[in-house]
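Each residue of the sequence shown is one higher than the one before, counting from 657 in this note's numbering.
The C-beta atom is built at its ideal place from N, Cα and C for all residues, glycine as well.
From a predicted model like this one, the values you see are computed outputs, not experimental measurements.
Notes to accompany the following structure.
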Amino acid sequence: MIKILFVCTGNICRSPSAEAIFRHLVADAGLSHEFVADSVGLHGFHVGEPPDARAVAAAARRGYEMQNLRARRMQREDFDRFDLLLAMDDGHLSSLHSQCPPNRADRISLFLSVAPGCGETDVPDPFYGTMEDFEQSLDLIEIGAREWLAHFQRQLAL
């Protein structure tokens, strides 16, 4: 079983969206038994809160359910509990590397690193933006989630 952790700032917009989308894609592929997906924030601003209502609404319009998720903060144990930690942007990637035990650094990657054709390296934070910003973030998250699933399907012959 592959355990994946999606990481953003507060765990209320990007990372829970990635978690919900990845879970949905995995379920559609009949591979739920092969993956565990979770999400965290690097900061504890919103611990215990549901995702941002705008993120929930944007995801729901595309058929993704995330209203039952709750924000949590990254813990040191997460480096041991997860096989792959995916940072939504370069700032998160740097933070993860600075906190990571040296023997776990190979578990950290940038979320869009598997999607070079999308023209972006970071999923922008829509929190202070408009609904259009949430939709654009979801576009990138869908691309990244599909590419990660395809990567694992190729790598593991799933």
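Does DSSP put ASP694 in a helix, in a strand, or in coil?
-> strand
Could you name each continuous alpha helix (DSSP H) segment of 4 residues or more that falls completely within the stretch 711-748, going from the start of the chain to the end?
-> Listed in chain order, they are 734-737.
Sorted by chain position, which residues of the same chain lie with C-beta nearer than 6 Å to LEU766's C-beta, five sequence neighbours on each side aside?
-> Hits under 6 Å: ALA743, LEU749.
Rounded to whole angstroms, what's the CA-CA distance from ARG728 to ASP708? Just pull it up for me.
-> 13 Å
For ALA770, name the three-state secondary structure that DSSP assigns.
-> Note that residue 770 is Val in the sequence shown here, rather than Ala. The answer is helix: DSSP assigns VAL770 an H, G or I state.
Check whether the Cβ atoms of GLU690 and MET657 lie closer than 8 Å to each other.
-> Their beta carbons are under 8 Å apart, which means GLU690 touches MET657 by this criterion.
Cut-off 6 Å between Cβ atoms - residues of its own chain near ALA693, not counting five sequence neighbours on either side = ILE660, GLU675, PHE678, ARG679
Straight-line gap, CYS756 to PHE735 (C-alpha atoms, nearest Å) = 7 Å
Are the beta-carbon atoms belonging to GLU798 and VAL770 less than 8 Å from one another?
-> no
What span of residues does the alpha helix (DSSP H) with LEU681 cover, start to end?
-> 670-684
Delimiting residues of the beta strand (DSSP E) encompassing LEU661 = 658-664
Residues near GLU776 by beta carbon distance below 8 Å, same chain, minus five either side | LEU768, LEU796
Within the same chain, show all residues whose beta-carbon is closer than 8 Å to that of ARG739, passing over the 5 residues directly before and after it, in chain order.
-> Checking the sequence shown, residue 739 turns out to be Asp, not Arg. Answer for ASP739: ILE658, LYS659, ILE660, ARG763, listed in chain order.
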